[in-house]
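Heads up: the sequence shown begins at 853 in the numbering used here, then just goes up one per residue.
Even glycine gets a Cβ: it sits at the ideal position worked out from N, Cα and C.
No experiment lies behind these values; they were computed from the predicted model shown.
The structure appears below as structure tokens.
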Amino acid sequence: MTNVIVTVIGSQRDGAGDEQSIELITAGRHYQRNGVDYITYDESKLTGLEGTTTLLKLYDGYVVLVRMGNIEQRQEFRKGERSTCTYITPYGAMEMSVATSAVTVAFTNGSGSITIAYELEIEGRWQSSNQLAITIREEKETNGH
């Protein structure tokens, strides 16, 4: 397992055209199993998902996001496809669907980037157009110099 720095920039535009964005920079871990890269990191108050660990599984051309802890979720992002999951919170569960329009995974030797564009629906109602830009870089060991 390798220590990495994960930067997540998410933006969403709602039906009124209002755009919001958020940026999270956090420590994470990278490992590889059976040719698949895994990135894991803890969410924070900033994302509203405190107490949740996010796992990204990076495949050739698609990404699987798994959240565990206060929020439970498993979502697949495949270009041109819709993925539906049950989004479980401490306050209850809801159906969440994403229709992915673009996915790019450029990841080698423990560093790289992921971009995802998707439309979000909750309980069958359109909520927003979203973009995620995730960069992962290996955390270099420092010896105090």
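Pull up the DSSP beta-bridge partners for residue i, would you.
i    : result
Q864 : Q872 and N982
G880 : V856 and Y893
K992 : Beta-bridge pairing links K992 to no other residue.
L972 : V950 and S980
Y914 : R930
T899 : In the DSSP output, where bridge partners are listed per residue, T899 has none listed.
Grab me the residues of residue i's own chain with a C-beta within less than 6 Å of its C-beta, minus the 5 sequence neighbours each way, in chain order.
i    : result
N982 : Q864, Y970 and L972
H997 : Confidence is the limiting factor: at H997 the pLDDT is only 47, short of 50, which leaves the residue's position unreliable and the question unanswerable from this model.
A958 : G964 and S965
M920 : T905
D894 : T905
R926 : V918 and C937
Y883 : M853 and Y890
If residue i sits next to residue j, beta carbons under 8 Å apart, how far is it from one beta carbon to the other, in whole angstroms?
i    : j    : result
V856 : L984 : 17 Å between Cβ atoms; not a contact.
S935 : V950 : 5 Å
V955 : G913 : 7 Å
Relative to the C-alpha of residue i, which candidate in the options has its C-alpha closest?
i    : options                   : result
A868 : I986, R989 and Q979       : Q979
E902 : I923, Q884, D870 and K909 : I923
G862 : E990, K992, E991 and I986 : I986
I940 : E975, N961 and S873       : E975
M948 : K909, R977 and T960       : R977
G932 : R989, T952 and K897       : T952
Enumerate in chain order the residues of its own chain whose CB-to-CB distance from residue i is below 8 Å, with the five nearest sequence positions on each side excluded.
i    : result
A945 : T938 and Y939
T967 : A954, V955, T956, Q983, L984, A985 and I986
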